[in-house]
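Participant:
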Amino acid sequence: MNFYTRVALSLVVAGCLLGVLMASGGVGLGQILETLSRLSVEVYLAAALLHATTYTLRALRFNLLLPPDQRPSLRRMLVISAAHNMASYILPAKTGEASFILYLRMRSRVRGAEALACLLAARFLDGAVLLGAISLIGLGLALSTEYPALEEFAGIAAGFFALSLFFLGLSVRGDLPVRLVEKLLRAMHVHRFRLGRALLSTVDRVATSLRSKGPRVLGVATLATVAIWMCVFSFFTMLALEMGLPRVFGIPEVALSSGLGSFCNLLPLNGMAGMGTQEIGWVSGLHRLFGVDYESALSIAVGVHCVQIFNVLAAGVLAQFALGVMPRWRELEDEELGGEEFVPEVSAADPRPR
1 MNFYTRVALS LVVAGCLLGV LMASGGVGLG QILETLSRLS VEVYLAAALL HATTYTLRAL
61 RFNLLLPPDQ RPSLRRMLVI SAAHNMASYI LPAKTGEASF ILYLRMRSRV RGAEALACLL
121 AARFLDGAVL LGAISLIGLG LALSTEYPAL EEFAGIAAGF FALSLFFLGL SVRGDLPVRL
181 VEKLLRAMHV HRFRLGRALL STVDRVATSL RSKGPRVLGV ATLATVAIWM CVFSFFTMLA
241 LEMGLPRVFG IPEVALSSGL GSFCNLLPLN GMAGMGTQEI GWVSGLHRLF GVDYESALSI
301 AVGVHCVQIF NVLAAGVLAQ FALGVMPRWR ELEDEELGGE EFVPEVSAAD PRPR
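Reading the sequence shown from the start, the letters are residues 1 to 354 in the working numbering.
(1) Report the option in L131, E182 and R186 whose CA atom is closest to the CA atom of L163.
(2) In angstroms with no decimal places, state the Cα-to-Cα distance between L29 and G19.
(3) Check for me: the alpha helix (DSSP H) holding P215 runs from which residue to which?
(4) What distance in whole Å lies between the Cβ atoms of I300 and A240, which are believed to be in contact at a cut-off of 8 angstroms?
(5) My output table needs one value for V172: the three-state DSSP class, helix, strand or coil.
(6) Taking all protein chains shown into account, decide if E355 is buried (16 or more other Cβ within 10 angstroms of its Cβ) or exposed.
(7) Output the distance between the C-alpha atoms of R109 and L218, rounded to the nearest integer angstrom.
(8) Does the segment 47–61 come within contact of the segment 77–92, defined as at least 3 CB pairs closer than 8 angstroms?
(9) Decide if F310 is buried, meaning its Cβ has at least 16 other Cβ atoms within 10 Å, or exposed.
(10) Is the separation between the beta-carbon of S257 and that of L298 shorter than 8 angstroms?
(11) So for E42, helix, strand or coil by DSSP?
(12) Could you tell me the distance, in whole angstroms, from the CA atom of G169 to the CA atom of D126?
(13) Under three-state DSSP, which class holds H305?
(14) Give me the residue from M106, F166, E253 and F124 with the minimum Cα distance to G291.
(15) Measuring CB to CB, does I134 end up less than 8 angstroms from F166?
(16) Indicate the three-state DSSP secondary structure (helix, strand or coil) for I137 in the structure shown.
(17) With a threshold of 16 other CB atoms inside 10 Å of the CB of H189, please say whether the residue is buried or exposed.
(18) Mind checking whether S209 and A117 have CB atoms under 8 angstroms apart?
(19) Alpha carbon to alpha carbon, how far is L36 from A221? Give it in angstroms, no decimals.
(20) In whole angstroms, what separates the C-alpha of K183 from that of L45?
(21) Tell me whether L143 is buried or exposed, calling it buried when 16 or more other Cβ atoms sit within 10 Å of its Cβ.
(22) Using only alpha-carbon positions, find the residue among F233, G261, M243 and L266 that is nearest to I251.
(23) Under a Cβ-count criterion, where at least 16 other Cβ atoms within 10 Å of its own Cβ denotes burial, should P72 be classed as buried or exposed?
(24) Quick one: using the 10 Å Cβ neighbour count with 16 as the cut-off for buried, is A158 buried or exposed?
(25) So L91 and G276 are supposed to be a Cβ contact under 8 angstroms. How far apart are they, rounded?
(26) Mark S88 as exposed unless 16 or more other C-beta atoms lie within 10 angstroms of its C-beta, in which case mark it buried.
(27) Could you check whether L260 and S284 sit closer than 8 angstroms to each other, using their CB atoms as the reference points?
(28) Helix, strand or coil for Y294, going by three-state DSSP, please let me know.
In C-alpha cells, the structure reads:
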C-alpha cells in the first residue's frame, strides 16, 4: 500500500467516524463553526504558548533519552520533533512514528537503534503518565460523589492504573520485550541470512540502549513527561472553557475527558489526525460521565481538536521548511565512524552478535 493510498484510507476512516458521531447526535457543521467562533484571539494565543511549551518539553525529553555524545542541539531537536509530530498525525495507524528515526538519522549524529530506543522510552513514559492521570483523576472524582456516573468508572480506572504500572515497568526495563523479540528471531533462525544478522544486531543495540538509561535520566524524563501532560491538559481546559463548556467544570473534568480522548488517539486503529477516535474519548467523558449534553460535548471536542490540528500542522510545515535548509550530518558521521556504521562481528560457531 503506497503513501497516497494510506492517506486516502486515513481520511475515509476519520470522515466515517466523525460523520457517525455527528449524525447520531444531530450535530451539524454550523454548530461546530459557532463553537469555534467563540474562541478569542487572546485565549488562542495563550493556548498556543502552552502548546509551544509542550513542544519544547518534548524536545528536551528526547534529548535526555539519547546518549550524551549523540544529542543534537535543542533547536535541532525541536525542529525534528515538530516535523515528526505532524507526520504521526497525518499517517494512519501511527506509521508516521517512524519519521522520528528517519529525521534523526538524516539530520543529526544519532544512529537508528538509539533513535528507536529513545522513541520507545518516550512512548512508555507517555503511556505511564497518561494512564496514571486518567486513573487517579477518575478515582478522585468518583470519591467526591459529585458525579454519580463515575461510580461505574472506578473499575475501569483500576484497569488504567494497572496499565500505567505496566508502562512504567517498560520505561525502566524496556529492554526485556526487545530481548524477547530477539529470542523469537533467533528461534526463527534468521541469523542464517545476512539481513537477519543485521536485524539481530540492530535489535541488540536497541535493547542495550534502553537498558543503559539510568535512574537519574529516567527520573528527570518522567518529571518532564508529567510537565508535558500538565501543559496538554491545561491547553485543552483553556480551549474547552472558552468554547462553551460550563464554568462549573475545571481542569480535573477536562483532564479526564481529554485523557480518554488522547488514549483513544494513541490506539493504532485511527484515522487522519485522530479525527473521530479522539472525539469518542471526549464525548465519553463530558457526556457520559459529567452529564454535558451530547451536542455541546461533541461540538467542543471537535472545536478543540481543530485548534490542536491547526497548531500541529502549522508547526510541522515550519519544521519541514527548516529541515530543508538544515545541513545534514551524514558526512561528519561517516568521517567519525570510518565511513560505515559499526556492525558486530558474527562467527559461524556462535551466530550471536559480540
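Cβ coordinates follow ideal geometry from the N, Cα and C atoms, glycine included.
Facilitator: Taking the coordinates as given:
(1) L131
(2) Their backbone Cα atoms lie some 10 angstroms apart in a straight line.
(3) Its alpha helix (DSSP H) spans residues P215 to E242.
(4) 5 angstroms
(5) V172 falls in the helix class under three-state DSSP.
(6) Absent from the structure is residue 355, since the part of the chain shown begins at 1 and ends at 354.
(7) 22 angstroms
(8) Enough Cβ pairs lie closer than 8 angstroms, so yes.
(9) exposed
(10) no
(11) helix
(12) 12 angstroms
(13) helix
(14) E253
(15) no
(16) In this structure, I137 counts as helix in the three-state DSSP scheme.
(17) Burial call: exposed.
(18) yes
(19) 35 angstroms
(20) 51 angstroms
(21) exposed
(22) F233
(23) buried
(24) exposed
(25) The Cβ separation is near 16 angstroms, so there is no contact.
(26) buried
(27) yes
(28) helix
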